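Colleague: Residue numbers (our numbering): 79 to 326. Got a structure for you, written out below as structure tokens; questions coming shortly.
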């Protein structure tokens, strides 16, 4: 589900409290993160290769400014193949132009999975470092794996790498948007430790209300998606607190 298609998340709903660092300091961390060139260098200790049977897959980093046109077109094609029907059933509809604008945004970065020998593209995640409701976050816009390789561990690998990148870049959390009708994705993210974020206007138990214009049509409001997140700063902050207590 596209972040750009969301409504204002905490208008009349759950409020994101400004915690920790001043906003100016958080913005500086985002700016610093966006200048990192060796993104995979932040993933020390984590494998950037994955085997499915006898086939090995490798993870590479690219951006909208460095990816070649064929790769960028493939990002759109795979996203369309996996998501178009879900977008339509949720009431958002699908437009190639809107999705390509998002995928190819100047701030877009990608972790791309290829089959090592053939160099075939098989999966990717689109992410950005950004400010989100007063927090410095790594926002995961897309996680897509070709259908024949889904449930093979590639998606979990990419999400683990994203979390490590966010942690190493001093972001507060990884945030993403999931359609409430995408039960498979919700199960996947919950198993990885993600939970409904405090900025999400709707929860798992909220009813999905039909659109006011036509009760027979799918809803096109905030009740069609959830905002999920996984914190990555708490451990470091708690470690710092413990050290300060020990030094008293």
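For glycine and all other residues, C-beta sits at the position ideal for the given N, C-alpha and C. Please read all numbers here as calculations on a predicted model, not as lab measurements.
Thinking C-beta only, is residue 258 closer than 8 Å to residue 304?
Modeller: For this step, residue 304 is matched to residue 226 along the chain shown. For this step, residue 258 is matched to residue 180 along the chain shown. Yes, these two residues count as a Cβ contact at 8 Å.
Colleague: Are the CB atoms of residue 221 and residue 233 within a distance shorter than 8 Å?
Modeller: Reading the chain shown from its first residue, position 155 is the one you call residue 233. Reading the chain shown from its first residue, position 143 is the one you call residue 221. In this structure, residue 221 lies closer than 8 Å to residue 233 by Cβ.
Colleague: Going straight from the alpha carbon of residue 176 to that of residue 115, what length do you get?
Modeller: The sequence position of residue 176 within the chain shown is 98, counting from 1. The sequence position of residue 115 within the chain shown is 37, counting from 1. Going by the C-alpha atoms only, they are around 27 Å apart.
Colleague: Given 8 Å as the limit, is there contact between the stretch 198 to 211 and the stretch 165 to 175, that is, 3 or more CB pairs closer than that?
Modeller: The answer is no - the stretch 165 to 175 does not touch the stretch 198 to 211, with fewer than three Cβ pairs under 8 Å.
Colleague: Between the beta-carbon of residue 252 and the beta-carbon of residue 213, is there less than 8 Å?
Modeller: Position 174 of the chain shown, counted from the first residue, corresponds to residue 252. Position 135 of the chain shown, counted from the first residue, corresponds to residue 213. For residue 252 and residue 213, no; Cβs fall outside 8 Å.
Colleague: Quick check on residue 139: does DSSP put it in helix, strand or coil?
Modeller: The residue you call residue 139 lines up with position 61 of the chain shown. Three-state result, residue 139: strand.
Colleague: At the level of alpha carbons, what is the spacing between residue 142 and residue 265?
Modeller: Within the chain shown, the letter at position 64 stands for residue 142. Within the chain shown, the letter at position 187 stands for residue 265. Distance between the alpha carbons of residue 142 and residue 265 is about 30 Å.
Colleague: What did DSSP end up calling residue 252 once you bin it into helix, strand or coil?
Modeller: On the chain shown, position 174 is the one that residue 252 refers to. DSSP places residue 252 in strand when its eight states are reduced to three.
Colleague: Taking just the CA atoms, how far does residue 224 sit from residue 216?
Modeller: Within the chain shown, numbered from 1, the residue matching residue 216 stands at position 138. Within the chain shown, numbered from 1, the residue matching residue 224 stands at position 146. Distance between the alpha carbons of residue 216 and residue 224: 23 Å.
Colleague: Give the straight-line distance between the Cα atoms of residue 133 and residue 98, rounded to the nearest whole angstrom.
Modeller: To locate residue 133, count along the chain shown from 1; it is residue 55. To locate residue 98, count along the chain shown from 1; it is residue 20. Spanning the two alpha carbons is a distance of roughly 45 Å.
Colleague: Quick check: the Cα distance between residue 211 and residue 191, rounded to an integer number of angstroms?
Modeller: Numbered from its first residue, the chain shown carries residue 211 at position 133. Numbered from its first residue, the chain shown carries residue 191 at position 113. Approximately 31 Å between the Cα atoms of the pair.
Colleague: By the 10 Å Cβ neighbour count, where 16 or more other Cβ atoms means buried, how is residue 159 classified, buried or exposed?
Modeller: Taking the chain shown and counting its residues from 1, the one referred to as residue 159 is at position 81. It is exposed - the Cβ of residue 159 has fewer than 16 other Cβ atoms within 10 Å.
Colleague: Verify the CB distance criterion: does residue 162 have a CB-CB separation below 8 Å to chain D?
Modeller: Here there is only one protein chain, and chain D is not present.
Colleague: Check the C-beta distance from residue 235 over to residue 128 and give it rounded, since I have them as a contact under 8 Å.
Modeller: Stepping through the chain shown from its first residue, residue 235 is reached at position 157. Stepping through the chain shown from its first residue, residue 128 is reached at position 50. Sure, about 5 Å apart at Cβ, within 8 Å.
Colleague: Whole angstroms is fine: what's the gap from residue 145's alpha carbon to residue 267's?
Modeller: As a working note, residue 145 is residue 67 in the chain shown. As a working note, residue 267 is residue 189 in the chain shown. So the two alpha carbons sit approximately 27 Å from each other.
Colleague: According to the Cβ coordinates, are residue 260 and residue 107 closer than 8 Å?
Modeller: As a working note, residue 260 is residue 182 in the chain shown. As a working note, residue 107 is residue 29 in the chain shown. Contact: no.
Colleague: Is it the case that the Cβ atoms of residue 126 and residue 118 are separated by a distance below 8 Å?
Modeller: The sequence position of residue 126 within the chain shown is 48, counting from 1. The sequence position of residue 118 within the chain shown is 40, counting from 1. A contact, by the Cβ cut-off of 8 Å.
Colleague: By the three-class DSSP mapping on this structure, what secondary structure does residue 210 have?
Modeller: Locating residue 210 in the chain shown gives position 132, where the first residue counts as 1. Here residue 210 sits in strand by DSSP.
Colleague: According to DSSP, is residue 309 helix, strand or coil?
Modeller: Locating residue 309 in the chain shown gives position 231, where the first residue counts as 1. If DSSP states are grouped into helix, strand and coil, residue 309 belongs with the strands.
Colleague: Which whole runs of the beta strand (DSSP E) in the stretch 162 to 213 are 3 residues long or more, in chain order?
Modeller: With a minimum length of 3 residues, the continuous beta strand (DSSP E) runs that stay inside the stretch 162 to 213 are 187 to 193, 199 to 210.
Colleague: Comparing alpha-carbon positions, which option in 271, 193, 187, 302 lies nearest residue 226?
Modeller: Translated into positions along the chain shown, residue 226 becomes position 148. Nearest C-alpha to residue 226: 193.
Colleague: How would you call residue 281, buried or exposed, if buried means at least 16 neighbouring beta carbons within 10 angstroms?
Modeller: Walking along the chain shown from the start, residue 281 turns up at place 203. Flag for residue 281 reads exposed.
Colleague: If you count every other CB in all the chains shown that lies within 10 Å of the CB of residue 103, and 16 or more means buried, which is it?
Modeller: Residue 103 sits at position 25 when you count from the first residue of the chain shown. Residue 103 should be labelled exposed.
Colleague: Taking Cβ positions, are residue 181 and residue 154 nearer each other than 8 Å?
Modeller: By one-based count along the chain shown, residue 181 stands at place 103. By one-based count along the chain shown, residue 154 stands at place 76. Contact: yes.
Colleague: Identify, in the order they occur along the chain, each residue of the same chain with its Cβ nearer than 6 Å to the Cβ of residue 138, setting aside the five sequence neighbours on each side.
Modeller: Taking the chain shown and counting its residues from 1, one reaches residue 138 at position 60. Closer than 6 Å at Cβ, skipping near neighbours: 190.
Colleague: Whose C-beta lies closer than 7 Å to the C-beta of residue 124 among residues of the same chain, with five residues either side of it excluded?
Modeller: Here residue 124 corresponds to residue number 46 of the chain shown, with the count starting at 1. Excluding sequence neighbours, residue 124 sits near 238, 239, 242.
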